[in-house]
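Asks:
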Amino acid sequence: MRPRLLYFFFLALLAACGVKQPPIPPSAFLIHPPGSLDASVREGCLRLSWKAPSTEPAGYRVLRRRADEPEFKPLADLPLAERSFTDCEVPAGQSAAYQVQSLNAQGKAGPASPAVPVVFLPPPPAPASLTAEPGDGFVQLCWLSPPSVESPAGFRVYRALLGEPYPRRSANLQLAPGPCWVDGNLTNGKTYRYVVRTVLSAEGGIEEEGPASSEVEVVPEDKIPPLPPAELVAAPSAQGVMLHWNRNPEPDLKGYYVYRRLAGSAGWERITPEPLFEAEYLDTDRALVPGREYDYAVTALDHAPTLNESPKSEPARALTLPR
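So the sequence shown is numbered by the working numbering: it starts at 6 and just counts up by one.
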């Protein structure tokens, strides 16, 4: 056979037989079901979420079986990045069960997760008269429980900063059992928004949330003044009257104001226009009358926007020196 014919014969043989590839390991076809299915219902809509299995799938398939159906039916195929699904098609008063399967790259479904049964209760009414009382780094919220709900499982509080959407997760990790709840670890000066939802407990511990209450906005702020300065001493000097006192221990201390009056008079006059940082002050006011007695008092201020001011210290009296 001529060399040219041998060459074409060899090419034809390769095309017919193909080029062998490395074998695909059996583990590539293993598909584990998702784990830790969690279900909750809000305003008649189910939200189903789950954790990814140990072997990463290519996607997920959600199955549903309603009470009047004999078997589970595919409801939706989801990409790998989505590990939650919302179903709003089951009317209140009915029930359904849900499963999730993992899908491989070829679209083959693996074993289904354990079924999660859900009873769709009529959504409970929203709480009424929501109020918010700001404090130093916290907010106290209070509301009225809907009278038509005799024994709610509790209440969920949702918080968002002004201009941001409400998150899916509530601010209270545990249900608030009563009509008041305190939200702490907040930043003073920021505006927070709140709504509250009534929660019922259905079969299997599935929570049913009702609609949101009316919204309130609140700004936490420091309303607690520092302690009054202690151990104030007033001593006359050639320049005027020298004052000393113990420095306050508060970490948010801004400074001090000094007040003066004629001994025995009723009205105090502030003689420092700006807060003093040091715990001492020399009063050199030319209005001081030699040989007269004056009372002095000191207050402490913090860094709050409103400058919370403490009560006055115990007064100290000094007799000015004659000139």
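By construction, the Cβ of each residue, glycine as well, lies at the ideal position given by its N, Cα and C atoms. This structure is a prediction, so every number in the text was calculated from the model and none was measured.
Give me the Cα-Cα distance between Gly-215 and Pro-184, rounded to the nearest whole angstrom.
Replies: Taking the straight line from one Cα to the other gives about 16 Å.
Asks: Where does Asp-290 land, buried or exposed, given buried means 16+ other C-beta within 10 angstroms?
Replies: It counts as exposed.
Asks: Once DSSP output is grouped into helix, strand and coil, what is the label at Gly-61?
Replies: Residue identity differs from the one stated: residue 61 is Glu in this sequence, not Gly. Residue state, collapsed to three classes: coil.
Asks: Using a Cβ-Cβ cut-off of 7 Å (strictly less than) and excluding sequence neighbours within five positions of Met-247, which residues of its own chain qualify?
Replies: Counting only Cβ-Cβ distances below 7 Å, and skipping sequence neighbours, we find Ala-240, Leu-287.
Asks: Under 6 Å Cβ to Cβ from Asp-141, same chain only, skipping five residues before and after it: list those, please.
Replies: Same-chain partners within the cutoff: Asp-227, Ile-229.
Asks: Using a Cβ-Cβ cut-off of 8 Å (strictly less than) and excluding sequence neighbours within five positions of Leu-293, which residues of its own chain qualify?
Replies: Gly-245, Val-246, Tyr-299, Thr-325, listed in sequence order.
Asks: Thinking just about the alpha-carbon of each residue, which of Asn-190, Ala-284, Ser-219, Arg-266 is nearest to the one in His-249?
Replies: The candidate whose alpha carbon is nearest that of His-249 is Ala-284.
Asks: Between Asp-188 and the rest of its own chain, which residues show a CB-CB distance below 6 Å, the 5 nearest in sequence each way excluded?
Replies: Hits under 6 Å: Val-144, Ala-176.
Asks: Specify the secondary structure class of Glu-298 as computed by DSSP and reduced to three states.
Replies: Strand at Glu-298.
Asks: In the DSSP output, what is Ser-107 paired with across the bridge?
Replies: Ser-107 is bridged to Tyr-65.
Asks: Taking 6 Å as the limit between beta carbons, can you name the residues of its chain near Pro-233, skipping five residues before and five after?
Replies: Around Pro-233: Ser-315, Pro-316, Ser-318.
Asks: Near Gly-64, which residues of its chain fall below 7 Å by C-beta distance, leaving aside the five closest residues on each side in sequence?
Replies: Here the set comprises Asp-82, Leu-83, Pro-84, Leu-85, Leu-108.
Asks: From the DSSP output, which residues share a beta bridge with Arg-198?
Replies: Paired residue(s): Ala-165, Glu-222.
Asks: Looking at Leu-146 and Tyr-197, is the spacing between their C-beta atoms short of 8 Å?
Replies: Going by C-beta atoms, Tyr-197 is not nearer than 8 Å to Leu-146.
Asks: Look up Glu-236 in the DSSP assignment and give the residues it is bridged to.
Replies: None; Glu-236 has no bridge partner.
Asks: If we count Cβ pairs, one from each stretch, closer than 8 Å, do we get three or more for the stretch 98-117 versus the stretch 149-158?
Replies: Output reads no: the stretch 149-158 does not touch the stretch 98-117.
Asks: Excluding sequence positions up to five away, which residues of its chain have a Cβ less than 6 Å from the Cβ of Gly-296?
Replies: Pro-327, listed in sequence order.
Asks: Would a C-beta distance cut-off of 8 Å place Val-121 and Ala-207 closer than the cut-off?
Replies: For Val-121 and Ala-207, no; Cβs fall outside 8 Å.
Asks: Over what stretch of residues does the beta strand (DSSP E) that includes Asn-253 continue unbroken?
Replies: Note, Asn-253: premise wrong, no beta strand (DSSP E); not H, not E.
Asks: Within the continuous beta strand (DSSP E) that includes Arg-52, where are the two ends?
Replies: Element bounds for Arg-52: 50-56.
Asks: Taking the straight line between their C-alpha atoms, what separation do you get for Ile-29 and Glu-61?
Replies: Confidence at Ile-29 is low in this model, with a pLDDT of 46, below 50, so the placement of that residue should be treated as unreliable; the coordinate-derived value is given next. About 17 Å.
Asks: Taking buried to mean at least 16 other C-beta atoms within 10 Å of its own C-beta, is Pro-157 buried or exposed?
Replies: Under this definition Pro-157 is a buried residue.
Asks: Tell me which same chain residues have a C-beta within less than 6 Å of the C-beta of Ala-133, skipping the five on either side of it?
Replies: Within the same chain, Ala-133 has close Cβ partners Leu-149.
Asks: CA-CA distance, Asp-73 and Gln-99?
Replies: Approximately 10 Å, taken between the alpha carbons.
Asks: Beta carbon of Ser-59, beta carbon of Ser-89: below 8 Å?
Replies: Cβ atoms of Ser-59 and Ser-89: not closer than 8 Å.
Asks: Rounded to the nearest angstrom, what separates Ser-270 and Ser-219 at their Cα positions?
Replies: Going from the Cα of Ser-270 to the Cα of Ser-219 covers about 53 Å.
Asks: Taking all protein chains shown into account, do 16 or more other C-beta atoms lie within 10 angstroms of the C-beta of Thr-91, making it buried, or fewer, making it exposed?
Replies: Result: exposed.
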